[in-house]
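Going down the list, the sequences are from chains A and B.
All you need for my numbering is the position in the first sequence, starting with 1, plus 22.
All you need for my numbering is the position in the second sequence, starting with 1, plus 22.
For every residue, glycine included, the Cβ atom is placed at its ideal position computed from N, Cα and C.
Worksheet for the structure shown next.
Number of protein chains: 2
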Amino acid sequence: MKIDPDNKADLSAQIAEAIREEIMAGRLIVDERLPSEAELADHFEVSRPTVREALKRLAAQSLIRTARGAFGGAFVNRLSYPEAYGQHITTSTLLLSMNAISFDVACEARYALERACTPLAAARRTPDTLATMRAEIHRQGQPGLTDESFCASDVTFHRALVDSADNPVLSYQLAGAVEAMQPLMNMITFTARSREAIVGFHTRIADALERHEADAAQAALSELEAYTLTLGRDVMAARARPRQPA
Amino acid sequence: MKIDPDNKADLSAQIAEAIREEIMAGRLIVDERLPSEAELADHFEVSRPTVREALKRLAAQSLIRTARGAFGGAFVNRLSYPEAYGQHITTSTLLLSMNAISFDVACEARYALERACTPLAAARRTPDTLATMRAEIHRQGQPGLTDESFCASDVTFHRALVDSADNPVLSYQLAGAVEAMQPLMNMITFTARSREAIVGFHTRIADALERHEADAAQAALSELEAYTLTLGRDVMAARARPRQPA
DNA sequence: GCGTTTAAATTGTCAGACATTTAAATGTAA
DNA sequence: TTACATTTAAATGTCTGACAATTTAAACGC
Numbered sequence: 023m024k025i026d027p028d029n030k031a032d033l034s035a036q037i038a039e040a041i042r043e044e045i046m047a048g049r050l051i052v053d054e055r056l057p058s059e060a061e062l063a064d065h066f067e068v069s070r071p072t073v074r075e076a077l078k079r080l081a082a083q084s085l086i087r088t089a090r091g092a093f094g095g096a097f098v099n100r101l102s103y104p105e106a107y108g109q110h111i112t113t114s115t116l117l118l119s120m121n122a123i124s125f126d127v128a129c130e131a132r133y134a135l136e137r138a139c140t141p142l143a144a145a146r147r148t149p150d151t152l153a154t155m156r157a158e159i160h161r162q163g164q165p166g167l168t169d170e171s172f173c174a175s176d177v178t179f180h181r182a183l184v185d186s187a188d189n190p191v192l193s194y195q196l197a198g199a200v201e202a203m204q205p206l207m208n209m210i211t212f213t214a215r216s217r218e219a220i221v222g223f224h225t226r227i228a229d230a231l232e233r234h235e236a237d238a239a240q241a242a243l244s245e246l247e248a249y250t251l252t253l254g255r256d257v258m259a260a261r262a263r264p265r266q267p268a
Numbered sequence: 023m024k025i026d027p028d029n030k031a032d033l034s035a036q037i038a039e040a041i042r043e044e045i046m047a048g049r050l051i052v053d054e055r056l057p058s059e060a061e062l063a064d065h066f067e068v069s070r071p072t073v074r075e076a077l078k079r080l081a082a083q084s085l086i087r088t089a090r091g092a093f094g095g096a097f098v099n100r101l102s103y104p105e106a107y108g109q110h111i112t113t114s115t116l117l118l119s120m121n122a123i124s125f126d127v128a129c130e131a132r133y134a135l136e137r138a139c140t141p142l143a144a145a146r147r148t149p150d151t152l153a154t155m156r157a158e159i160h161r162q163g164q165p166g167l168t169d170e171s172f173c174a175s176d177v178t179f180h181r182a183l184v185d186s187a188d189n190p191v192l193s194y195q196l197a198g199a200v201e202a203m204q205p206l207m208n209m210i211t212f213t214a215r216s217r218e219a220i221v222g223f224h225t226r227i228a229d230a231l232e233r234h235e236a237d238a239a240q241a242a243l244s245e246l247e248a249y250t251l252t253l254g255r256d257v258m259a260a261r262a263r264p265r266q267p268a
């Protein structure tokens with residue numbers, strides 16, 4: 023962890039990058055203490071505020087954590103699942119909202135990923151995850167439910183489906199895809215009729231998983247995807263021409 | 023963007039969080055200019071260094087970018103695909119390397135996700151992506167190839183497979199899974215025999231995609247997964263008992 | 001031997017200053 | 001008038017020095 027040539031980029035960015043590389047390469051290991059801010063400032067020949075800005079960059083990526091007091095300092099942080107989930111969801115949500123991703127493309131990606139979990143979920147679903155899915159299906163049938171609550175319940179249902187695969191890496195990867203879709207899903211207005219249809223698909227999925235029938239679950243998911251797509255397209259079309267049709 | 027109660031957390035973290043929420047909620051839109059550091063310091067009633075630390079946190083997540091000079095400042099950044107890829111790969115790699123994820127679990131997740139792309143890839147593969155896959159297969163057959171180059175070529179092959187699906191959201195999601203596996207894959211020593219087998223699987227996949235046969239491609243992927251798993255388990259077992267067997 | 005106090009180390013925050021960069025405004029000459 | 005050079009202003013980047021808050025360990029007293 024040495025070098026800062028006569029680069030013209032921000033010093034704090036260079037220092038953060040140098041430390042990140044040490045961590046990524048495993049030369050700084052989990053829970054290891056970094057030198058104090060004063061020592062880092064001396065080492066890199068910069069001032070303490072510059073070092074602090076670099077450390078804050080690393081902290082924002084959950085690469086380090088800091089503690090005050092004697093024997094405090096900056097420590098290499100073990101990236102936990104919740105932290106990784108949060109980072110992934112933030113990034114995915116922004117990517118979708120800022121880049122004019124079409125509803126079709128996002129929808130296709132989401133359901134393709136969910137179908138990937140289905141064989142594992144059908145093999146490993148537990149009474150617990152099934153119960154979660156059944157409870158959300160029941161909630162989705164309640165007439166007084168707001169659109170926001172319906173969407174939130176939809177997310178919970180699909181997360182239970184993903185978690186049924188019992189693979190934390192898969193759950194982590196899928197979390198971004200499912201959660202990031204929510205703002206797009208919220209744009210769809212759910213009528214009573216469309217809610218009824220969605221509840222029907224969810225029921226078919228839960229039934230198929232309960233019977234360990236992966237193919238049936240995938241088929242239901244594919245039909246749900248097609249249905250969601252038509253709902254999305256109708257909304258988009260209605261927005262494109264506000265009040266034109268005779 | 024208002025409040026910082028008598029919270030005891032770092033002021034710079036609170037300020038960064040407040041601004042991030044504004045961006046996530048869409049109240050600060052892409053390319054919009056934030057107030058200057060001096061104005062933010064005045065608004066939040068903190069000093070400029072504290073504001074700067076908050077802004078560096080946001081910059082580390084690619085939420086803002088800064089420009090010097092007159093009419094410079096901090097601007098809400100449009101999260102690009104390359105930036106999102108980088109964030110995702112960093113997070114995924116650290117999650118896997120720091121949490122004692124078993125080879126089996128990581129492998130299962132990776133191939134499940136790749137199989138999710140296969141139907142789309144079989145339908146949409148182009149001469150271009152097929153050519154990339156063929157070229158990498160050829161490279162993988164060269165006898166003088168180092169293990170590192172073989173692994174890099176393996177990543178390129180699988181990325182071409184994913185990109186064949188022609189869905190940028192899917193490519194983004196998969197990038198983390200494929201790239202993050204590389205350090206684990208690098209731990210496996212490839213003998214000439216195992217390389218030959220892998221090249222065989224890759225050829226079957228490319229052939230199947232060329233003929234638009236999704237099922238055959240998925241079958242080959244599944245067999246490749248099983249084979250990779252046995253390779254990984256052998257390596258793990260050999261490490262567990264260094265020199266015991268009679 | 002145990003509880004209390006003190007000291008030391010470290011991060012968090014502040015104030016003020018100067019350096020550097022950038023684009024607009026201004027001035028000047030062809 | 002137009003083109004080019006200069007000045008100016010605004011903003012970020014960096015530094016210095018200081019003080020506050022926090023936490024642990026050691027010193028101290030009983």
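As a quick exercise: from the options, pick the residue whose alpha carbon is nearest that of residue i.
i                      : options                       : result
residue 93 of chain A  : A:57, A:124, A:67 and A:78    : A:57
residue 34 of chain A  : A:213, A:82, A:72 and A:63    : A:72
residue 46 of chain A  : A:67, A:23 and A:65           : A:23
residue 175 of chain B : B:162, B:186 and B:183        : B:162
residue 192 of chain A : A:103, A:82 and A:230         : A:103
residue 67 of chain A  : A:218, A:229, A:99 and A:37   : A:37
residue 113 of chain A : B:147, B:109, B:199 and B:114 : B:109
residue 90 of chain A  : B:210, B:244, B:31 and B:236  : B:31
residue 97 of chain A  : A:185, A:29, A:54 and A:213   : A:54
residue 99 of chain B  : B:171, B:194 and B:42         : B:42
residue 237 of chain B : B:59, B:252, B:169 and B:144  : B:144
residue 52 of chain B  : A:80, A:119, A:52 and A:81    : A:119
residue 186 of chain A : A:249, A:154 and A:158        : A:154
How long is the line joining the alpha carbons of residue i and residue j, rounded to whole angstroms?
i                      : j                      : result
residue 141 of chain A : residue 125 of chain B : 20 Å
residue 179 of chain B : residue 234 of chain A : 33 Å
residue 215 of chain A : residue 127 of chain A : 25 Å
residue 84 of chain B  : residue 138 of chain B : 29 Å
residue 165 of chain B : residue 149 of chain B : 27 Å
residue 135 of chain A : residue 65 of chain B  : 44 Å
residue 211 of chain A : residue 257 of chain A : 8 Å
residue 74 of chain B  : residue 198 of chain B : 30 Å
residue 267 of chain A : residue 260 of chain A : Any reading at residue 267 of chain A must be qualified, since the residue scores a pLDDT of 49, below 50, and its modelled position is unreliable; the value itself is stated next. Roughly 10 Å separates the two Cα atoms.
residue 221 of chain A : residue 48 of chain A  : 48 Å
residue 241 of chain B : residue 189 of chain A : 21 Å
residue 207 of chain B : residue 254 of chain B : 8 Å
residue 182 of chain B : residue 232 of chain B : 13 Å
residue 82 of chain B  : residue 244 of chain B : 38 Å
Helix, strand or coil for residue i, going by three-state DSSP, please let me know.
i                      : result
residue 267 of chain A : Caution applies to residue 267 of chain A, whose pLDDT of 49 falls short of 50 and renders its modelled position unreliable; the model cannot decide the point.
residue 163 of chain B : coil
residue 93 of chain B  : coil
residue 210 of chain B : coil
residue 78 of chain A  : helix
residue 148 of chain A : coil
residue 257 of chain B : helix
residue 70 of chain A  : helix
residue 124 of chain A : coil
residue 49 of chain B  : coil
residue 155 of chain B : helix
residue 232 of chain B : helix
residue 8 of chain B   : This structure leaves residue 8 of chain B out entirely; chain B is present only between 23 and 268.
Establish whether the CB of residue i and some CB of chain A are separated by less than 9 Å.
i                      : result
residue 100 of chain B : yes
residue 257 of chain B : no
residue 220 of chain B : no
residue 56 of chain B  : no
residue 23 of chain B  : no
For chain B, find out if any of its Cβ atoms is closer than 9 Å to the Cβ of residue i; answer yes or no.
i                      : result
residue 139 of chain A : yes
residue 119 of chain A : yes
residue 68 of chain A  : no
residue 30 of chain A  : no
residue 189 of chain A : yes
residue 110 of chain A : yes
residue 155 of chain A : no
residue 71 of chain A  : yes
residue 210 of chain A : no
residue 123 of chain A : yes
Since residue i sits in a beta bridge, which residues does DSSP pair it with?
i                     : result
residue 55 of chain B : B:97
residue 86 of chain A : A:98
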